[in-house]
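Below is one structure, written out as structure tokens; comments come after it.
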Amino acid sequence: MAGHSKWANIQHRKGRQDEKRQRIWTRVVREIMVAARTGGGDPSANPRLRLAIEKAKAANMPADTVKRNIDKATGNLEGVTYEEIRYEGYGIGGAAIIVDTMTDNRVRTVAEVRHAFSKHGGNMGTEGSVAFQFKHCGQLIFAPGTSEDKVMEVALEAGAEDVIVDDEGAIEVLTSFADFETVKNALEAAGLTAEMAEVTMRAENAIELLGDEAAKMQKLLDILEDLDDVQNVFHNATISE
Numbered sequence: 006m007a008g009h010s011k012w013a014n015i016q017h018r019k020g021r022q023d024e025k026r027q028r029i030w031t032r033v034v035r036e037i038m039v040a041a042r043t044g045g046g047d048p049s050a051n052p053r054l055r056l057a058i059e060k061a062k063a064a065n066m067p068a069d070t071v072k073r074n075i076d077k078a079t080g081n082l083e084g085v086t087y088e089e090i091r092y093e094g095y096g097i098g099g100a101a102i103i104v105d106t107m108t109d110n111r112v113r114t115v116a117e118v119r120h121a122f123s124k125h126g127g128n129m130g131t132e133g134s135v136a137f138q139f140k141h142c143g144q145l146i147f148a149p150g151t152s153e154d155k156v157m158e159v160a161l162e163a164g165a166e167d168v169i170v171d172d173e174g175a176i177e178v179l180t181s182f183a184d185f186e187t188v189k190n191a192l193e194a195a196g197l198t199a200e201m202a203e204v205t206m207r208a209e210n211a212i213e214l215l216g217d218e219a220a221k222m223q224k225l226l227d228i229l230e231d232l233d234d235v236q237n238v239f240h241n242a243t244i245s246e
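Counting in this note's numbering, the sequence shown runs from 6 upward without gaps.
Next up, the structure:
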């Protein structure tokens, strides 16, 4: 179950997320509102809302802020209604990109996303043009040095689909969306805390970009991630600096 080295890319991504920490609250609030609106305001009966609340706690969002936004979404308070829209396209070197947005104005959002693609060397695609290259799944990443045997034993016993070890010793646990929480909780109960744990769109195959192409791709990704309506950007590029 070996895999190519992903650790440097993971650390790079985490660093960029940390730089944009001030934007996280806005995105978490939107995720809470959409999760509550679509699945109800009771976290015990709504897995997506539970994950959103977990993100809010990790971002140190006050509990009353979380509750207020759940109430807005479920009609107990007046609030903005957001809709989810996914855009697909190609970046530098033909790399596949998925952009997930939550917006109260789809005309504005599609214009901003299309402009970002066209101005920075990418191309906006049609629905389904690149999604087949990704898998919707749970993903947990453990730092090199973590016990591979222990992670594998606990994860597979809890229902994980696969455990992959990369060239640097980082361990990646993959789960179905439905089993993500169960596997994550089992690993944490065994004293195994992931560096990154999320439900994601995981690229099935990577495209390696070097030098100028890598820099251009990173610029495009940064521009997309900085758009106000963008929640997540997924891609299949391995960016080497």
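From the three backbone atoms N, C-alpha and C, an ideal C-beta is built for every residue, glycine too.
With contacts defined by Cβ atoms closer than 9 Å, R119 and D105 do not form a contacting pair. Residue burial is scored here from C-beta neighbours: H141 has fewer than 16 other C-beta atoms within 10 angstroms and is therefore classed as exposed. Residue state for F122 is assigned as helix, using DSSP reduced to three classes. The residue from G96, A78, D69 and F185 with its alpha-carbon nearest to that of L56 is F185. Each of K155, A68, T151 and G96 was checked against the Cα of V33, and the nearest Cα belongs to A68. Three or more beta-carbon pairs separated by less than 8 Å link the region 106 to 126 to the region 223 to 239, which places the two stretches in contact.
Around the C-beta of T243, 16 or more other C-beta atoms lie within 10 Å, and the residue is accordingly described as buried. Around the beta carbon of L179, a 10 Å sphere encloses 16 or more other beta carbons of the protein chains shown; the residue is thus reported as buried.
Judged by pairs of C-beta atoms under 8 Å, the region 155 to 175 does not touch the region 123 to 132, as fewer than three such pairs exist. For the pair E200 and N65, the Cα-to-Cα distance works out to about 17 Å. Of all C-beta pairs linking the region 144 to 154 to the region 186 to 198, three or more are shorter than 8 Å, placing the two stretches in contact.
Across the structure, A191 and R73 are spaced so that their CA atoms are roughly 31 Å apart.
Taking A61 as reference, the option from R28, T151 and A121 with the minimal CA-CA separation is R28.
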